[in-house]
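Inspection log for the structure reproduced underneath, given as structure tokens.
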Amino acid sequence: MEQIIATVRGFDGALVFLPGPGGDFPEIAWGDAFFYYAPDGRTPRNTQPYGTIVTKDYPDDTACDLDPPGRWRVNVQVGRTALPELLGEGHDPATADVVLPHPVYGSLGWVCVVNPGERTTGTVVRLLREAHEAARARAARRRS
């Protein structure tokens with residue numbers, strides 16, 4: 042998890058937000074990570090992150106079984122058109138080190154990987170870089 046966070050921090054214009062006690066985010070988000078394109082270093086308003094890392098089950102998102110110690114999931118917005126080429130045949134959403142449709146947001150073009158390992162870390166980093174570049178392009182379109 043730390044390797045992925047450090048890699049995203051190295052992307053030009055990346056903002057990695059790590060909510061914790063004393064901030065504006067609810068307690069359930071503490072320990073998670075949110076990735077934005079934000080060259081000014083401020084969390085963008087009216088923009089969703091292009092990637093996240095979650096470290097626990099959320100009330101409406103329990104299929105990946107993230108509550109046991111040591112389990113976490115990276116989520117990346119890849120777009121609906123990219124989904125078919127990334128995904129294999131149906132897997133249990135709790136399976137580790139496999140690219141899967143996000144259990145809640147898959148239909149919106151999000152993929153996820155529980156505990157990325159040897160098989161998927163390179164793919165996850167590539168997808169995060171592509172999502173970052175797509176967020177940069179969207180920001181440029183909004184400015185022009």
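Position 66, counted from 1, in the sequence shown is what our numbering calls 107; the numbers after and before it change by one each time, with no gaps. Glycine included, C-beta positions come from ideal geometry on N, C-alpha and C. The structure displayed is predicted, hence computed values, not measured ones.
- With distances taken between CA atoms, GLY61 lies nearest to ILE69 out of GLY54, ALA55 and ILE69.
- When only Cα atoms are considered, THR96 and ARG112 end up about 7 Å apart.
- Ranked by Cα distance from VAL165, the options ARG177, ASP138 and PRO144 are led by ASP138.
- In the assembly as shown, GLN118 is a buried residue. Its beta-carbon has 16 or more other beta-carbons within 10 Å.
- Rounded to the nearest angstrom, the gap between the Cα atoms of GLY63 and THR93 is 20 Å.
- The DSSP-derived three-state label of GLN44 is helix.
- Around LEU56, the same chain offers TYR77, ALA79, GLY82 and THR84 as residues with beta carbons nearer than 7 Å, after the five sequence neighbours per side are excluded.
- ASP73 counts as buried, since no fewer than 16 other beta carbons sit within 10 angstroms of its beta carbon.
- Considering only ALA175, VAL115 and THR88, the residue with the shortest C-alpha distance to PRO144 is VAL115.
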